[in-house]
Structures are given as structure tokens and as C-alpha cells.
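Its first residue numbered 13, the sequence shown is counted upward by one per residue in this note's numbering. Report on one structure; see the data block that follows.
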Amino acid sequence: MIDPVILQQGGDWRAQAEVFDEIFFVFLALGTLVGTIVVSYTLWNVYKYRDDGNRSDEEFDAPVVGELPTGQGGPKAKKLFLSFGLSAIVVISLVVYAYGLLLYVEQGPDTGDEGDIEIMVEGYQYGWAYEYPNGHTERGELIVPADQRIDLNITSRDVWHNFGSSDLRIKSDAIPGDYSETWFAVSSEDVEAQGGEATYRVECFELCGPGHSQMKSQITVLPQDEWEEWYAGTGNSSESASIGASGAGFAAASGVGA
Numbered sequence: 013m014i015d016p017v018i019l020q021q022g023g024d025w026r027a028q029a030e031v032f033d034e035i036f037f038v039f040l041a042l043g044t045l046v047g048t049i050v051v052s053y054t055l056w057n058v059y060k061y062r063d064d065g066n067r068s069d070e071e072f073d074a075p076v077v078g079e080l081p082t083g084q085g086g087p088k089a090k091k092l093f094l095s096f097g098l099s100a101i102v103v104i105s106l107v108v109y110a111y112g113l114l115l116y117v118e119q120g121p122d123t124g125d126e127g128d129i130e131i132m133v134e135g136y137q138y139g140w141a142y143e144y145p146n147g148h149t150e151r152g153e154l155i156v157p158a159d160q161r162i163d164l165n166i167t168s169r170d171v172w173h174n175f176g177s178s179d180l181r182i183k184s185d186a187i188p189g190d191y192s193e194t195w196f197a198v199s200s201e202d203v204e205a206q207g208g209e210a211t212y213r214v215e216c217f218e219l220c221g222p223g224h225s226q227m228k229s230q231i232t233v234l235p236q237d238e239w240e241e242w243y244a245g246t247g248n249s250s251e252s253a254s255i256g257a258s259g260a261g262f263a264a265a266s267g268v269g270a
């Protein structure tokens, strides 16, 4: 089993998008390699054992339904069990490898709760509202710092929604009266690569009504110092008095401030 601790190096840890990209690359590379070997070996046997008209029926060792092929001295059986063994090793190794990484994605990095930011997310027809630990709320845009784990506590005001961002590889249900959790992180290198401010599109991935296709939002990632300056200026202000009828118990239900 891959211990999630090995995915963290000192104070650094890997974002979900990076982990999923690695899993995809490993499966693609190994699948291509195994597929090439299998197809090549099959074509070689097709050529080697082709019917050229020079082989008598007595020399032909035809397979029998329900029996393992033995051949002369059992070479066919050895090849069969060898292929089974190699296949088992490859499959089991991939399962263990992928499970370890997915467990890390599910649990998130262990940062000791230092510097983590927990944000409440509420879906409604047809938009998203975000509440920060200091009570400040934003609609349509989630502004977060780079190089920090962002914990999201997600619910819905009315019907089922699904909060997700394809670029960040996050996706979580927003269910009325219930709360789901996910996390993400964006490195400062990614922010710099996008010119000092990284943006990622947020969509609803659950059909929620006639305005479903327009239920979009944005995650904006700022450098740490810029975000701290922006956050310090929010105080207890809010773009709206509340994030909806169900917003009164939003933070309490999620344990914020407890």
C-alpha cells in the first residue's frame, strides 16, 4: 500500500489534479506497453503457425473444450500459467498503486490544520455562494490563496446540484440538508504560469433545472500575500445579507467556529 505520507515532502503536498494526471499517465503507458507486447506476440504466432499446407493432421494438437493445453512435455501449459502469473502481478500492482493514490485524494494531505482554509459552498438555482471563516460571502467567484489546502463544505439550498471543476479534478454533490466535503490546492507555480492570477471554471454536474447549463462560477487563485491583503479587507462584510434561507445554520452545521 502506498502511504499517503510519501506523497508529501516536508511542508509540500500534491494537488488532486497532479495525482489524477499521474494515474492516467501510468495506466496509459503500461496499457500501451502491454497491448503492444500482446498484439505483437499474437501476430507472431499467427505467422508462425499459419497453415502452409505442409503440416499433417496428426501433428496438429487441437485444443479441447474444458481441458488445458498440454502439448509435448507441457510447454503450452507453462506458457499459459506464465501469462496468468504475469497478468496477476501487473493487475494487482496497479490496484495497490491506484488505491494508495486515491486514498490520498479521498483523505487529503495531513497538514496539521495549520493554514487550512474551510469555505462553505451553497448551490442554488442557478449559482454558487461561498462563505469564508470570517463570515464574508461571495457569489459567483471563489477567491483563494496559492500553496494552501482549501477545504470545501458543500450543500444546496433547493434541489440537488453537483459542485465541480474539471481543471482541478474536483467534484462533489450538493444535497439539500446534507453536507459533502472535498479539497483542492493550487501551487504558486501554476499561478505564475497564468500570469500571476489563476482562474478555473466551476460548473454544476447534476441536472438541476432549465438553467442548469448556465450554473457556472469561477475559482480565482491569488499569490499568498495578495490574497491575505484581499481577505483582510473583507472583515465581516458581505455582498449579500445571507447566502439564502438555509444559510442561518450553514456554519453551525459544518462545525465552523466550534
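Even for Gly, the Cβ is constructed at its ideal location relative to N, Cα and C.
Secondary structure note for residue 219: it is in no beta strand (DSSP E), with a DSSP letter that is neither H nor E. Proximity of the stretch 169-186 to the stretch 202-209 falls short of the contact definition, fewer than three beta-carbon pairs being nearer than 8 Å. Contact between the stretch 141-157 and the stretch 226-233 is present: three or more C-beta pairs spanning the two stretches fall below 8 Å. Taking C-alpha positions only, residue 49 is separated from residue 183 by approximately 36 Å. Contact annotation: residue 179 and residue 213 have beta-carbon atoms nearer than 8 Å.
Excluding residues up to 5 positions away in sequence, 164, 182 and 184 lie with their Cβ nearer than 6 Å to the Cβ of residue 194 in the same chain. The alpha helix (DSSP H) runs of length 4 or more contained entirely in the stretch 191-245 are, from start to end of the chain, 200-205 and 236-244.
The straight-line gap separating the alpha-carbon atoms of residue 208 and residue 217 is approximately 29 Å. DSSP places residue 140 inside the beta strand (DSSP E), whose first and last residues are 139-143.
Rounded to whole angstroms, the Cβ separation of residue 35 and residue 113 is 6 Å, and the two are in contact under 8 Å. Counting along the chain, the unbroken alpha helix (DSSP H) around residue 41 starts and ends at 28-60. By the criterion of a C-beta distance shorter than 7 Å, residue 137 is surrounded in its chain by 170, 171, 220, 221 and 223, once the five residues flanking it on both sides are discounted. The Cβ atoms of residue 166 and residue 175 sit closer than 8 Å to each other. DSSP places residue 105 in the helix class (H, G or I) of the three-state scheme. Assignment of alpha helix (DSSP H) within the stretch 165-192, counting only whole runs of 4 or more residues, yields no such run. Residue 130 carries a strand assignment under DSSP once its states are collapsed to helix, strand and coil. Residue pairing by DSSP puts residue 163 in a beta bridge opposite 130 and 195.
Secondary structure at residue 78: coil, using DSSP grouped into helix, strand and coil.
Judged by beta-carbon spacing, residue 131 lies beyond the 8 Å limit of residue 160, meaning their Cβ atoms are not closer than that value.
The three-state reading of DSSP puts residue 135 in strand, counting E and B together. In this structure, residue 28 sits away from residue 107, with a CB-CB distance that is not shorter than 8 Å. The beta carbon of residue 242 sits closer than 8 Å to the beta carbons of 155 and 234 from its chain, once the five residues preceding and following it are set aside; these are given in chain order.
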